[in-house]
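Notes follow once the structure below has been shown.
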Amino acid sequence: MNSVSYQAINYQKTDRVMMISLIGPVDDQTKLVRLCDELTELCNEITRNAKIRVIILAGAGEKSFSIKTDSFGLILEGNDERRERTCSLSEPIAKLDLPIIAAIHGDAIGQGLELALACDLRLASETSHFGLLHIRTGLIPWDGGTQRLSRLVGRAKALEMILTGEVIDAQEACRIGLVNKMVPSGELMTVAMDMAKEIASKGPIALRYAKEAVYQGMDMTLGQGLRLEADLYLLLHTTQDRAEGIQSFRKKRVPQFEGK
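Per my numbering, residue 11 is the first one in the sequence shown, and the count goes up by one each step.
Written out as structure tokens, the structure reads:
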């Protein structure tokens with residue numbers, strides 16, 4: 011990837027893992043627009059880099075995922091003809107077909123939680139809190155919160171959180187399945203990197219197909235989902251990675267997947 015200087019995010023690549031750090035807090039419209047634009051640009055670059063296999067989305071501070079943008083109103087742009095704009099943070103992340111881990115140190119509030127929900131896995135520190143507070147200002151979550159939260163924790167619990175605007179702690183978030191693991195703050199990034207490296211060691215095509223099967227299958231009937239799963243499974247047998255997996259197993263060595 012070309013070296014680009016960003017103001018709202020930092021990024022670095024270690025082996026096959028890309029670490030993206032949000033530089034918070036996002037507490038005004040200018041910072042929100044900058045974060046939205048930079049995150050979109052970086053995600054577009056990532057799609058063109060075959061060497062990246064897993065992404066960790068983290069925060070450079072405790073308030074990086076605490077983005078209460080419902081208090082900003084709509085973004086107004088333009089000089090002569092001002093137009094309204096909504097800045098989606100979750101859309102560029104959700105479009106990526108790579109596994110994405112959110113490492114949440116501190117609180118994930120408002121649009122920050124919606125961004126975390128767009129990731130595939132969520133790890134949180136023991137002191138983290140989570141909430142969608144939009145209802146408190148007469149609004150509703152608009153960056154995927156109503157859809158992704160309900161699919162993740164179930165309709166009843168999602169409605170409870172959204173309709174009351176309650177904030178839950180990390181223990182409750184882990185109990186209902188909002189986060190996959192709760193770890194001590196000092197161990198969060200180590201655990202996230204260990205998980206990312208473990209996933210990155212697997213075949214990249216298989217990782218993409220597994221993600222596709224799960225997400226696409228959720229919008230299908232069981233029968234349709236099973237057919238999709240079978241089709242993707244059969245396609246994997248035509249790849250060089252599948253042959254490498256068989257060879258490495260027979261020779262008792264670590265497989266070297268190339269994504270082909």
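All C-beta atoms, glycine included, are put in the ideal place defined by N, C-alpha and C.
Gly116 - DSSP class collapsed to helix/strand/coil: coil
Whole-angstrom distance between Ala128 and Arg63, CA atom to CA atom: 17 Å
Top-ranked residue by Cα proximity to Thr57, from Arg26, Ile77, Ser100 and Leu106: Leu106
Length-filtered (4 minimum) alpha helix (DSSP H) runs lying within the segment 202 to 264: DSSP runs (the alpha helix (DSSP H)) wholly in the segment 202 to 264: 214 to 227, 232 to 246 and 250 to 261.
Assigned secondary structure, Gln266 (DSSP; H/G/I helix, E/B strand, else coil): coil
Residue range of the unbroken beta strand (DSSP E) whose run includes Ser74: Taken as a continuous stretch (DSSP letters only), Ser74 belongs to no beta strand (DSSP E), as it is neither H nor E.
Own chain residues within Cβ distance below 7 Å of Asn89, not counting five before or after: Note that Asn89 has pLDDT 48, beneath the 50 cutoff, so the model's placement of it is unreliable and no number is given.
CB-CB length for Lys78 against Gly120, believed under 8 Å: 4 Å
For Ile272, the three-state DSSP class (helix, strand or coil): Residue 272 falls outside the range modelled here, since the chain spans only 11 to 270, and no answer is possible.
Ile150 versus Ile172, Ser138 and Met230, residue with shortest Cα-Cα distance: Ile172
Inter-residue spacing [alpha-carbon to alpha-carbon] between Ile185 and Lys191: In the sequence on display, residue 185 carries Arg and not Ile. Their backbone Cα atoms lie some 10 Å apart in a straight line.
The segment 97 to 111 / the segment 42 to 55 touching (three or more Cβ pairs under 8 Å): yes
Ile150 (DSSP reduced to helix, strand or coil): coil
Ser195 versus Ser211, Asp25, Gln234 and His139, residue with shortest Cα-Cα distance: His139
Boundaries of the alpha helix (DSSP H) in which Gly295 is found, first to last residue: Nothing can be reported for residue 295: it is not among the residues displayed for the chain, which extend from 11 to 270.
Beta carbon of Asp241 nearer than 8 Å to that of Ala216: In this structure, Asp241 keeps its C-beta atom at 8 Å or more from the C-beta atom of Ala216.
Inter-stretch contact at 8 Å, needing at least 3 Cβ pairs: the segment 218 to 234 / the segment 164 to 184: Taking 8 Å as the limit for Cβ pairs, the verdict is that the segment 164 to 184 does not touch the segment 218 to 234.
Secondary structure of Asp47, DSSP reduced to three states: helix
Endpoints, the beta strand (DSSP E) within which Gly141 is located: Residue range His139 to Gly141 is occupied by the beta strand (DSSP E) that includes Gly141.
Chain-order list of residues whose beta-carbon lies under 7 Å from that of Leu162 (same chain, five-residue window excluded): So the qualifying residues of the chain are Leu127, Gly187 and Leu188.
Leu188 - DSSP class collapsed to helix/strand/coil: DSSP places Leu188 in coil when its eight states are reduced to three.
Same chain, Cβ closer than 6 Å to Met28, neighbours up to 5 away in sequence not counted: Ile62 and Ile65
Residues bridged to Val27 [DSSP beta-bridge criterion]: Thr24 and Val64
Whole-angstrom distance between Met203 and Ile110, CA atom to CA atom: 11 Å
Pick from Thr40, Ser135 and Thr96 that is closest to Ala68, judged by C-alpha positions: Cα-wise, what sits closest to Ala68 is Ser135.
Reference Lys41, options Thr249, Tyr16 and Asp153, closest by Cα: Tyr16
Environment of Glu124 [buried if 16+ CB atoms lie within 10 Å]: With at least 16 other beta carbons inside 10 angstroms of its own, Glu124 counts as buried.
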